[in-house]
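In the UniProt record's numbering, the protein residues as written are 1 to 96.
The beta carbon of each residue, even a glycine, is placed where N, CA and C say it ideally should be.
Bear in mind that the values here come from a model prediction, so they are computed numbers and not experimental data.
Here's what the structure looks like:
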């Protein structure tokens with residue numbers, strides 16, 4: 001049985017307005033999720049360069065260049081990461 005209130009809600013278009021507002025909220029949510037995902041991906045892409053500059057690696061500019069040119073490939077990114085984490089001989093003090 002449909003009472004008068006339910007019938008008036010259906011006739012007024014209130015349900016359509018709610019559906020549209022929910023669709024807008026879902027669209028905004030997924031848009032923000034994509035933006036956050038892109039920001040995280042860019043941050044992860046630059047991790048080898050950030051590590052090299054934070055450690056003041058003597059080849060930090062070469063690591064930056066390699067990361068920009070080949071970082072988009074997984075092997076290039078791993079090579080940059082390993083290179084940025086290797087021991088830097090210029091930072092070590094020699095004890096005689």
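- With respect to residue 45, residue 71 sits close: the two C-beta atoms are nearer than 8 angstroms.
- By the criterion of a C-beta distance shorter than 7 angstroms, residue 88 is surrounded in its chain by 55, 57 and 58, once the five residues flanking it on both sides are discounted.
- With a 10 Å radius around the Cβ and a threshold of 16 neighbouring Cβ atoms, residue 27 comes out exposed.
- In the DSSP assignment, residue 72 falls outside any alpha helix (DSSP H) and carries neither an H nor an E.
- In the three-state reduction of the DSSP assignment, residue 56 falls in the coil class, being assigned neither a helical nor a strand state.
- Per DSSP, reduced to three states, the secondary structure at residue 46 is coil, with no helix or strand assignment.
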